[in-house]
Amino acid sequence: MLTKAPRGTKDILPAEVPQWRFFEEKAREACRLFGYSEIRIPMFEHTELFLRGVGEVTDIVAKEMYTFTDKGGRSLTLRPEGTASVARAYLEHKMQGEAQPVKVFYTGPMFRYDRPQAGRYRQFHQFGVEAFGSQEPALDAEVVMLALFFLQSLGLDKLTLHLNSVGCPECRSRYRESLRAALRGKVKELCPDCGERYEKNPLRILDCKNERCQAVTKEAPLLADELCNGCREHFAAVRAALDALGVAYVLNPRLVRGLDYYTKTAFEIMAPGLGAQSSICGGGRYDHLVATIGGPDIPGIGFAIGIERVLLALAAAGSGGAEAAAPDVFVATAGVTPAEALPYVMELRKAGLAAEMDFLNRSLKAQLKLADKKGIRYVVLLGEAELQAGQATVKDMQSGMQEAVSLGGLCAYLAERLKEEN
RNA sequence: GUGGAUGUAGCUCAGUUGGUCAGAGCACCAGAUUGUGGCUCUGGGGGUCGUGGGUUCGAGUCCCAUCAUCCACCCCA
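Residue numbers (this note's numbering): 11 to 432.
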């Protein structure tokens, strides 16, 4: 146990960090272009925030939260998602007083007590954006575009965008009843899960994968046909905006998001190669979330992208990804101790060169092997003979050529050679 | 939370119906070249066979439990 990370968690090892940095750089760049600023929110919040914000009947809240009591007796919860926290921060810092919309993004770990599976972890990471203070359909389109623009900038194509409108509280509750009415006599034909959903959240019956359930709901009314005028117009405007941008999407009237706060626009982006976890991005509008947690009725829209899943999708797409840059120089020694070599290594570093050396008293041969394995282009050989002559031998590992350089001019010489390289 | 598969060196895997079964390749270290890498050859270190019980004269090899991973469901990123 001591030597194993807890279930559903994992180390991100040095070899994979370049890919994470690649992801984060592209995310920052996309957000800069779209005008979203970074916000850093706490890793845990008052449990109440998620109960109210995400919704008590959602699976996330009902069975997946990491909740604990701190020494002051407070009930706290490791954040299972970011939107509720950002809404809280918006309220707490009175951002309704700033120029609207307020557009922010975040990245970081989220925690859900799920059963782990490929592309699903108990501690996973999300990159998300939120925009508060506007109901403008063009903003919905911008948010969708940001997600697509970013994912494409990573090199992902073959993405599928699913789009739907889940309406507002008024038309949704009206629809909920007409759906219940339509299914009234058929509840027994549904799977056990859907039997429960019939009572608690009948909309979810629509995207049940069970074939029998799908057959039963085939003739059921669709929310898209029962939206109120406001929601219908909004949805039409969002689609028109996306059409004008030339974005391809699938209208999926059965797309129902699992969090209570969603209203109107709901969307999801899928990528191939991830098995059952094909959803890499989920988002939508949440026009009453801020009001739900006790603030003014301020609309918002956002999305969250699962970093692990995107990285898996990139690997599946054969997009090799980034590699760590090799150091510039390896200082090898012969008849000189590591302690004696270190000052010379430091000189190189002070001159801005990434310099490595051996700390295991390896033979010269082994040191060259090491330098080769690390992909280092230049080796500086410090031997007794060189030091006596006030020189070092510089070897170019690519050509095999070597040259004597005076110790005083070493940094300048190497800097020059490295500059030629690129 | 439900169902199924898997778990042998750092990695990928062999290991017959339980009796030299603790192995191979790659990786790592060293030598062949008393101060020089990438190829080749030789040698070496490393595993309580996930863990804990049980059956047996004897168990990676059978049984049970447990943990973990993977797949599907649930749900979601």
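Think of the CB as a built atom: it goes at the ideal place given N, C-alpha and C, for glycine as much as any other residue.
Nothing here was measured: the structure is a model prediction, and the numbers come from that model.
Taking residue i as the reference, which of the options has the closest Cα?
| i | options | result |
| --- | --- | --- |
| Gly195 | Gly177, Cys178 and Val226 | Val226 |
| Asp382 | Met407, Leu397, Tyr259 and Leu200 | Met407 |
| Ile308 | Phe142, Gly107 and Glu350 | Phe142 |
| Thr273 | Arg182, Ala334, Ala327 and Leu420 | Arg182 |
| Asp235 | Glu221, Arg214 and Asn262 | Asn262 |
| Leu61 | Ile317, Met105 and Ser85 | Ser85 |
| Gly328 | Pro16, Trp30, Asp167 and Thr19 | Asp167 |
| Glu431 | Tyr388, Glu394 and Leu420 | Tyr388 |
| Arg42 | Leu101, Met75 and Tyr116 | Tyr116 |
| Ser288 | Gly256, Ala326, Glu229 and Ser175 | Ala326 |
| Met356 | Val339, Gly345, Leu370 and Gly205 | Val339 |
Does the separation of the CB atoms of residue i and residue j fall below 7 Å?
| i | j | result |
| --- | --- | --- |
| Ser95 | Glu58 | no |
| Pro147 | Arg122 | no |
| Thr77 | Thr87 | yes |
| Glu152 | Val114 | no |
| Ala399 | Leu417 | no |
| Gly283 | Ala323 | yes |
| Ile290 | Pro337 | no |
| Phe134 | Met155 | no |
| Val64 | Leu269 | yes |
| Val197 | Tyr185 | no |
| Arg190 | Pro212 | yes |
| Ser188 | Pro126 | no |
| Val266 | Arg222 | no |
| Leu237 | Gly310 | no |
| Ala128 | Gly285 | yes |
| Phe137 | Ala40 | no |
| Tyr131 | Gly18 | yes |
| Leu193 | Arg264 | no |
Can you tell me the Cβ-Cβ gap for residue i and residue j, rounded? I've got them flagged as a contact below 8 Å.
| i | j | result |
| --- | --- | --- |
| Ala276 | Gly294 | 4 Å |
| Leu164 | Val320 | 7 Å |
| Val260 | Ala97 | Not really, about 29 Å apart at Cβ, beyond 8 Å. |
| Ala314 | Gly92 | 6 Å |
| Leu374 | Ala342 | 6 Å |
| Pro353 | Asp368 | Their Cβ separation, rounded to whole angstroms, is 15 Å, which puts Pro353 and Asp368 out of contact at 8 Å. |
| Ala361 | Ala425 | 6 Å |
| Leu149 | Pro179 | Between Pro179 and Leu149 the Cβ distance is about 20 Å, and since that is not below 8 Å, they are no contact. |
| Leu392 | Ala422 | Not really, about 17 Å apart at Cβ, beyond 8 Å. |
| Leu173 | Ile279 | Not a contact, Cβ separation roughly 10 Å. |
Does the Cβ of residue i have 16 or more other Cβ atoms within 10 Å, making it buried, or fewer, making it exposed?
| i | result |
| --- | --- |
| Lys36 | buried |
| Phe33 | buried |
| Ala365 | buried |
| Val248 | buried |
| Ile22 | exposed |
| Lys405 | buried |
| Asp203 | exposed |
| Thr68 | buried |
For the alpha helix (DSSP H) that contains residue i, what are its first and last residues?
| i | result |
| --- | --- |
| His244 | Asn239 to Ala254 |
| Ala301 | Leu299 to Thr302 |
| Thr57 | Thr57 to Gly63 |
| Arg182 | Pro179 to Leu193 |
| Ala381 | Leu374 to Lys383 |
| Gln162 | Pro147 to Ser163 |
| Gly205 | Pro202 to Lys210 |
| Phe369 | No alpha helix (DSSP H) contains Phe369, which DSSP labels as neither H nor E. |
| Ala349 | Pro348 to Lys360 |
With residue i as the anchor, note down where its beta strand (DSSP E) starts and where it stops.
| i | result |
| --- | --- |
| Thr403 | Gln401 to Asp406 |
| Tyr388 | Tyr388 to Gly393 |
| Thr79 | Tyr76 to Thr79 |
| Ile290 | Ser289 to Arg295 |
| Gln133 | Gln133 to Phe142 |
| Gln412 | Gln412 to Ser416 |
| Leu173 | Thr170 to Ser175 |
Going by the C-beta, is residue i closer than 6 Å to any heavy atom of the ligand PLP?
| i | result |
| --- | --- |
| Arg184 | Among the ligands in the structure shown, none appear at all, so the ligand PLP cannot be discussed. |
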